[in-house]
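Visitor: My questions all concern the structure below.
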Amino acid sequence: MSQRSSRLSLLFSCLGHGFMHMFTAFYTVVVLALEVDWQLEYHELIELWALGSALVGLAALPAGWLGDRWSAGAMMVVFFVGLGISAILCSFVDTTLAMFLGLSAIGLFAAIYHPVGIPWLVRNAETRGKALGINGIFGPIGIAAGTFGAGALIDLFGWRAAFALPGVLCLATGLALWVCLRLGLVSDEGIKRPEEPPASRGEMIRVFAILLLTMFCLGLIFQGMQTVMPKLFDLRLRSLVGEGAFGIGALVAAVFVIGGIMQIIGGHLADRYPLKPIYLASWFLQIPVLLGLAALGGVPLVLVAIGIVLLTAAPLPAENMLLSRYTPAKHQSLAFGVKFVLSFGAAPVAIKLAAMVQAQTGEFAWLFTGFAAVAAACTLAVMLLPASSRRLPAGAAAE
């Protein structure tokens with residue numbers, strides 16, 4: 016496989032990671048404009064994204080199956096083109112039913128990225144650790160671009176532009192990848208690497224059972240934060256950010272970029288220290304931070320918001336390395352498929368909880384209090400991980 020193919024695979028995988036998180040984030044800002052334009056309540060509008068967010072997780076397994084049996088590169092083209100067209104169609108809708116269908120299509124095509132794009136990158140990367148580190152940053156960058164870009168486009172051109180412009184860019188990227196595949200500039204061939212010896216069967220079952228709980232709960236907290244943060248800042252920080260969607264979008268973007276960069280530090284720690292203490296500390300520290308989100312306002316609210324993004328991003332390398340270490344090599348694609356189903360499948364639960372709490376109380380304090388209880392339960396579960404949780408060589412995990 017050529018060096019050019021490896022670099023182009025990294026480029027398109029990173030762009031895909033960014034677009035995936037952008038397209039699953041910008042509606043949380045668009046909904047603030049729709050409240051005014053369509054004269055509907057927040058909880059009614061945010062629920063339109065519930066099925067789409069569920070499909071991001073539920074469609075991950077069939078998407079990965081198709082990527083393995085058809086072509087990962089071709090599936091990435093479907094991802095870019097389908098996501099772009101879905102967003103463009105959303106920019107034309109005038110009813111809640113049409114918006115619901117458009118958002119559901121966005122969720123369906125967004126589901127392709129993680130089970131297809133990440134393994135595709137790993138197979139084609141010359142240096143796995145470096146490639147995954149670069150790729151990982153594009154997740155928070157995508158969220159930041161989605162929230163900041165949506166806020167700016169809404170204030171300048173209206174909410175329809177917040178769907179249309181990203182849609183056109185994503186569609187163009189898909190067409191560019193299709194051309195590269197046709198010309199043979201990008202290949203699906205991978206680099207062969209030695210397999211890691213498996214752990215004992217008992218350890219595998221024990222670790223996987225614990226990770227089933229913690230992966231779902233980490234997804235629940237992260238998806239809940241991504242969903243409600245724009246509205247939370249709208250409720251508590253309006254005097255700080257001013258009127259309009261731009262200030263809120265910019266602040267949310269800053270929170271996710273600053274917090275998300277911690278994934279690099281988390282990877283650095285996971286490469287050098289035992290995995291269990293890193294994973295345990297991240298869960299334990301979430302408890303007071305989530306309670307802070309329930310109670311604080313002003314600048315302290317921004318700081319604890321950065322803290323929770325940090326604490327949900329930093330443990331991802333350790334979590335991925337634990338999953339890789341305690342899963343047989345022949346089942347790793349399936350194991351990561353399950354992870355993505357759990358992580359993104361938590362989104363509709365988070366959206367429903369957020370809508371219910373906001374409808375009943377007008378705020379989100381009880382939502383964060385409940386999340387703190389979830390973090391406490393996961394802290395106890397992580398304590399049951401094997402004390403000998405060993406590290407993989409740098410770069411062996413996939414995000």
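According to my numbering, the stretch in the sequence shown is residues 16 to 414, in order.
Beta carbons are placed, not taken as given, at the ideal position from N, Cα and C, and that holds for glycine.
Predicted model, so just to flag it, every value in this text is computed and none were measured.
Looking only at its chain, what residues have a beta carbon closer than 6 Å to the beta carbon of P401, apart from the 5 residues adjacent to it on each side?
Guide: For the purposes of this step, residue 401 is taken as residue 386 along the sequence shown, with counting starting at 1. Once the five neighbours on either side are set aside, the close Cβ partners of P401 are E218.
Visitor: Taking buried to mean at least 16 other C-beta atoms within 10 Å of its own C-beta, is P77 buried or exposed?
Guide: Against the sequence shown, residue 77 aligns to sequence position 62. Classification of P77: exposed, given that the 10 Å Cβ count is below 16.
Visitor: Report back the beta-carbon spacing between I14 and F178 to the nearest angstrom; my notes put them in contact at under 8 Å.
Guide: Since the first and last residues shown for the chain are 16 and 414, residue 14 lies out of range.
Visitor: Give the DSSP-derived three-state secondary structure of A40 in the structure shown.
Guide: For the purposes of this step, residue 40 is identified with residue 25 of the sequence shown, where counting begins at 1. A40: coil per DSSP, three-state reduction.
Visitor: For a test of the three-state rule: what should DSSP assign to T162, helix, strand or coil?
Guide: Indexing the sequence shown from 1 puts residue 162 at position 147. Helix, per DSSP.
Visitor: Please report the Cβ distance between S254 and N139, rounded to the nearest whole angstrom; I am assuming they are in contact, meaning their Cβ atoms lie under 8 Å.
Guide: By 1-based counting over the sequence shown, the position of residue 254 is 239. By 1-based counting over the sequence shown, the position of residue 139 is 124. Contact flag wrong, Cβ pair sits at about 49 Å.
Visitor: Count the other CB atoms within 10 Å of the CB of R340; is the residue buried (16 or more) or exposed (fewer)?
Guide: Counted from its first residue, the sequence shown places residue 340 at position 325. Looking at its Cβ environment, which holds 16 or more other Cβ atoms inside 10 Å, R340 is buried.
Visitor: If you run the structure through DSSP and keep just helix, strand and coil, what is L255?
Guide: As a first step, residue 255 is located in the sequence shown; it is residue number 240 there, counting from the start. It is helical.
Visitor: Indicate whether the contact test is met: 3 or more Cβ pairs, each with one atom in the stretch 118-138 and one in the stretch 351-363, closer than 8 Å.
Guide: Segments in contact, yes.
Visitor: Assuming L118 contacts G239 under a Cβ cut-off of 8 Å, what Cβ separation, rounded to an integer in Å, is found between them?
Guide: The residue labelled residue 118 in the question sits at position 103 within the sequence shown. The residue labelled residue 239 in the question sits at position 224 within the sequence shown. Contact doesn't hold; Cβ gap of about 18 Å is too wide.
Visitor: Quick one: residues in its chain with C-beta nearer than 7 Å to the C-beta of L305, no 5 flanking neighbours on either side, listed in chain order?
Guide: Counted from its first residue, the sequence shown places residue 305 at position 290. The residues are I323, F383, F386, A387 and A390.
Visitor: Evaluate E334 with the Cβ neighbour count: other Cβ atoms within 10 Å of its Cβ, from every protein chain shown; 16 or more gives buried, anything less gives exposed.
Guide: As a working note, residue 334 is residue 319 in the sequence shown. Answer is buried; the Cβ neighbour count reaches 16.
Visitor: Consult DSSP for Q301 and reduce its assignment to one of helix, strand or coil.
Guide: Counted from its first residue, the sequence shown places residue 301 at position 286. DSSP places Q301 in helix when its eight states are reduced to three.
Visitor: To the nearest angstrom, report how far apart F231 and G173 are at their CA atoms.
Guide: One-based indexing of the sequence shown puts residue 231 at position 216. One-based indexing of the sequence shown puts residue 173 at position 158. Approximately 35 Å between the Cα atoms of the pair.
Visitor: Can you give me the start and stop residues for the alpha helix (DSSP H) that W193 sits inside?
Guide: Stepping through the sequence shown from its first residue, residue 193 is reached at position 178. Note, W193: alpha helix (DSSP H), W174 to R197.
Visitor: Quick one: complete beta strand (DSSP E) runs, 3+ long, within the stretch 22-105?
Guide: Listed in chain order, nothing qualifies, since the stretch 22-105 has no complete beta strand (DSSP E) run of 3 or more residues.
Visitor: Are the stretch 88-97 and the stretch 43-63 touching by the rule of at least three beta carbon pairs closer than 8 Å?
Guide: No, the stretch 88-97 is not in contact with the stretch 43-63.
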